[in-house]
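A quick write-up on the structure given underneath.
Residue numbers (the numbering used here): 26 to 326.
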């Protein structure tokens with residue numbers, strides 16, 4: 026699922042720098058897991074980027090702008106001069122449409138013509154949370170895409186409960202049983218997002234994004250053990266135990282939804298891979314072991 030992980034900057038040297046008169050892409054959540062990487066891809070391609078975050082934090086090559094879903098007074102400045110927007114829903118909000126749809130109406134009126142929404146492979150059009158925004162998007166914009174990535178590989182390498190528990194206790198706690206997931210690298214999500222935002226023709230559809238293989242959490246624990254040299258195990262919880270554990274940190278309705286997603290994994294809902302990353306970027310998606318080595322392997326002194 027989505028998480029906040031440490032940012033990485035694409036090594037590609039930017040093309041011709043954009044100027045303030047060039048139409049911009051507003052990246053919401055530009056300091057987060059996919060937003061930071063999407064910003065880097067766009068900057069490298071010479072695209073003018075307005076990097077939206079709650080504190081208008083500096084982002085290399087981009088124009089920082091304040092953006093808070095719950096403060097509509099910042100919306101005007103954020104969309105000024107933008108013709109496209111990358112949408113990361115507010116984290117932990119079970120009803121993001123309530124704040125996102127008024128913003129999208131305003132963005133359209135300000136001249137934004139293309140919107141790319143980050144949703145989830147587990148949430149269909151019209152489903153809960155971002156599924157309601159997914160359903161509304163084609164009626165708001167002529168050019169659009171909904172990215173529906175599987176669970177992030179960075180959930181185990183960055184700032185996420187799974188990464189925290191593996192670092193602290195060497196355990197992964199889920200109600201996913203032995204169900205498999207096509208875990209996807211956030212760098213691959215960002216590469217697809219950049220194409221969806223800048224290609225001459227927008228996808229005008231939803232895109233399910235996965236890595237190259239479906240893995241169980243037991244598989245993930247074994248790979249983390251191999252890469253880090255530290256024993257990691259997967260503890261199988263019941264749906265109820267997972268729900269109650271999550272409810273200590275997030276609202277009960279959201280905790281129930283997340284635990285329900287684990288239960289769906291156990292039932293096989295995420296046991297799939299797609300060719301979307303390869304088809305849109307021209308290269309295969311990264312495997313989990315390669316990402317773990319890139320982000321977790323101990324380097325020689």
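Idealized CB from N, CA, C, for every residue including glycine. For clarity, every value in this text was computed on a predicted model and none was experimentally measured.
- Looking at the structure shown, is residue 111 part of a helix, part of a strand, or coil, going by DSSP? Strand at residue 111.
- Query: What's the gap between the Cα of residue 117 and the Cα of residue 206?
  - Reply: Taking the straight line joining both Cα atoms gives about 22 Å.
- For residue 51, which option in 75, 65 and 156 has the closest C-alpha, if you only look at C-alpha atoms? The shortest C-alpha separation from residue 51 is found at 75.
- Message: Taking the beta carbon of residue 304 as the centre, do at least 16 other beta carbons fall within 10 Å, making it buried, or is it exposed?
- Response: Classification of residue 304: exposed, given that the 10 Å Cβ count is below 16.
- Item | residue 130 classed as buried or exposed, judged by whether at least 16 other C-beta atoms fall within 10 angstroms | Classification for residue 130: exposed.
- Query: alpha helix (DSSP H) containing residue 165: first to last residue?
  - Reply: Boundaries of the alpha helix (DSSP H) harbouring residue 165: 155-165, taken from the DSSP string.
- contact_flag[the stretch 256-275, the stretch 196-213] where n(CB pairs < 8 Å) is 3 or more: The stretch 196-213 and the stretch 256-275 touch, with three or more beta-carbon pairs separated by less than 8 Å.
- If we count the other Cβ atoms within 10 Å of its Cβ and call it buried at 16 or more, is residue 82 buried or exposed? With a threshold of 16 other beta carbon atoms within 10 Å, residue 82 falls short and is exposed.
- Check whether residue 249 and residue 301 have beta carbons under 7 Å apart: No. Outside cutoff.
- For residue 293, does the count of other Cβ atoms within 10 angstroms reach 16, so buried, or fall short, so exposed? Its Cβ having fewer than 16 others within 10 Å, residue 293 is exposed.
- Roughly how many angstroms lie between the CA atoms of residue 320 and residue 125, to the nearest whole one? Their Cα atoms are separated by approximately 33 Å.
- Task: Could you say which of 155, 318 and 315 lies nearest to residue 119 if we only look at CA atoms?
- Result: Cα-wise, what sits closest to residue 119 is 155.
- Assess, as a yes-or-no matter, whether the stretch 87-96 is touched by the stretch 239-254 under the definition of 3 or more beta carbon pairs within less than 8 Å. Look at the beta carbons and you see the stretch 239-254 not touching the stretch 87-96: under three pairs across the two are nearer than 8 Å.
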